[in-house]
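Q: Numbering (the working numbering), first residue to last: 111 to 377.
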Ligand code: FES
């Protein structure tokens with residue numbers, strides 16, 4: 111009679127098989143779900159202009175007196191000739207979206223969670239061979255460096271937005287929203303300067319360090335960026351969750367669902 115117990119070789123070859131005893135599937139499940147929630151929320155929020163008044167759809171993402179602007183719309187690009195139903199977020203979000211989707215950390219996350227390739231370390235994947243990201247289509251991921259150049263530009267822009275959040279109708283003050291938007295700029299900065307491509311760009315790939323121009327400055331920057339780089343996963347999640355919460359907060363305040371406590375008198 112044929113045995114119903116798979117032999118060791120068959121088990122090795124079966125998709126999803128592993129000798130791991132821990133709950134290796136928890137991480138891809140949690141991170142995959144978290145990413146999915148963010149993508150759904152940010153897509154809806156970026157497209158959703160409703161909730162403000164019919165005359166002024168901008169109220170959906172901008173508080174009265176232009177104190178708080180949702181980071182999804184920072185910097186605000188909405189020329190007069192553009193129909194109001196076209197969301198200004200469309201001009202912005204491609205950059206952080208491209209930066210994040212090609213990020214080394216997020217690649218690992220969605221390769222595991224969505225493509226199950228592999229589902230986890232030492233867990234059998236379906237592919238019989240492996241060419242990594244050296245061939246089409248995944249070679250496109252190398253565009254990450256170019257998105258990194260664009261993402262750097264957003265760092266000062268977000269700080270300018272945070273600075274503006276301390277002003278309401280020309281009067282300096284502070285509100286819960288100011289704190290939220292400032293932290294958002296800080297978290298996104300930590301995520302950006304921890305980028306592997308950025309760290310390599312400032313001081314990596316050097317053949318002869320002693321002959322490198324600005325070597326001390328570059329080495330110093332490399333040291334600073336390394337601090338953020340070592341916690342890249344943490345900053346990736348902190349900044350992702352926080353930017354979503356920041357948008358939600360501004361949206362709720364702008365639509366009078368929440369009250370912002372501040373020194374100007376609540377609004
Ligand atoms: S590697 Fe994650 S942002 Fe560049």
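Yeah, the Cβ is synthetic: ideal placement off N, Cα and C, and Gly gets one too. Quick caveat: nothing in here was measured; it's all calculated off a predicted structure.
With a cut-off of 8 Å, does the C-beta of residue 197 fall near any C-beta of chain D?
A: Although the question refers to chain D, the structure presented lacks it and comprises just one protein chain.
Q: Indicate, with yes or no, if ligand 1 has a heavy atom lying under 7 Å from the CB of residue 209.
A: Here the question's residue 209 lines up with position 99 in the chain shown. Under cutoff, so the answer is yes.
Q: With hydrogens ignored, establish whether the beta-carbon of residue 307 is closer than 7 Å to any heavy atom of ligand 1.
A: By 1-based counting over the chain shown, the position of residue 307 is 197. Result yes, Cβ under 7 Å from ligand 1.
Q: Pick out whichever of 328, 226, 303, 273 has its Cα sitting closest to the Cα of residue 177.
A: Locating residue 177 in the chain shown gives position 67, counting from the first residue. Nearest C-alpha to residue 177: 273.
Q: Which of the three DSSP states, helix, strand or coil, is assigned to residue 371?
A: Working through the chain shown from its first residue, we reach residue 371 at position 261. The answer is coil: DSSP assigns residue 371 none of H, G, I, E or B.
Q: In chain order, what residues of the same chain have a beta carbon less than 7 Å from the beta carbon of residue 164, not counting five sequence neighbours either side?
A: The sequence position of residue 164 within the chain shown is 54, counting from 1. Here residue 164 scores only 41 on pLDDT, less than 50, and its place in the model should not be relied on; the value that follows carries that caveat. No residues qualify anywhere along the chain.
Q: How is residue 172 classed by DSSP in three states: helix, strand or coil?
A: Counted from its first residue, the chain shown places residue 172 at position 62. Residue state, collapsed to three classes: strand.
Q: Can you tell me the Cα-Cα spacing of residue 260 and residue 355, whole angstroms?
A: Your numbering for residue 260 matches position 150 in the chain shown. Your numbering for residue 355 matches position 245 in the chain shown. Rounded to whole angstroms, residue 260 to residue 355 spans 23 Å at the Cα level.
Q: Taking only heavy atoms of ligand 1 into account, decide whether any of them is closer than 7 Å to the Cβ of residue 231.
A: For this step, residue 231 is matched to residue 121 along the chain shown. No, ligand 1 has no heavy atom inside 7 Å of this Cβ.
Q: Going by beta carbon distance, what residues of the same chain come within less than 6 Å of residue 373, once the five residues before and after it are set aside?
A: Numbered from its first residue, the chain shown carries residue 373 at position 263. The residues are 283, 284.
Q: For residue 339, I'd like the list of residues in its chain whose CB is within less than 7 Å of its CB, leaving aside the five on either flank, ordered along the chain.
A: Within the chain shown, the letter at position 229 stands for residue 339. Only 304, 306, 309 meet the Cβ criterion.
Q: By the DSSP assignment, the alpha helix (DSSP H) with residue 218 in it spans what residues?
A: Start at 1 with the first residue of the chain shown, and residue 218 comes out as number 108. Its alpha helix (DSSP H) spans residues 214 to 223.
Q: Could you tell me which residues DSSP pairs with residue 179 in its beta bridges?
A: Within the chain shown, the letter at position 69 stands for residue 179. Per DSSP, 172.
Q: Could you tell me whether the region 207 to 218 touches the region 243 to 263, where touching means 3 or more Cβ pairs closer than 8 Å?
A: Yes, they touch.
Q: Smallest Cα separation from residue 97: which of 329, 292, 317?
A: There is simply no residue 97 to check, as the chain begins at 111 and stops at 377 in what is shown.
Q: Opposite residue 282 in the DSSP bridges: which residues?
A: The count along the chain shown starts at 1 and reaches residue 282 at position 172. Looking at the DSSP assignment, residue 282 forms a beta bridge with 277.
Q: One question on the structure: do residue 189 and residue 353 come within less than 8 Å of each other, judged by their Cβ atoms?
A: As a first step, residue 189 is located in the chain shown; it is residue number 79 there, counting from the start. As a first step, residue 353 is located in the chain shown; it is residue number 243 there, counting from the start. For residue 189 and residue 353, no; Cβs fall outside 8 Å.
Q: What do you reckon, are the CB atoms on residue 265 and residue 302 nearer than 8 Å?
A: As a working note, residue 265 is residue 155 in the chain shown. As a working note, residue 302 is residue 192 in the chain shown. Going by C-beta atoms, residue 265 is nearer than 8 Å to residue 302.
Q: Take residue 131 as the anchor and find which of 146, 346, 232, 269 has the nearest alpha-carbon.
A: Counting from 1 along the chain shown, the entry for residue 131 is found at position 21. It is 232 whose Cα lies nearest to the Cα of residue 131.
Q: Residue 233 lies in the alpha helix (DSSP H); which residues open and close that run?
A: Here residue 233 refers to the residue found at position 123 when the chain shown is read from its first residue. Element bounds for residue 233: n/a, residue is neither H nor E.
Q: Assign residue 350 to one of two classes, buried (16 or more other C-beta atoms within 10 Å of its C-beta) or exposed (fewer than that).
A: Position 240 of the chain shown holds residue 350. Buried, since its Cβ has 16 or more Cβ neighbours within 10 Å.
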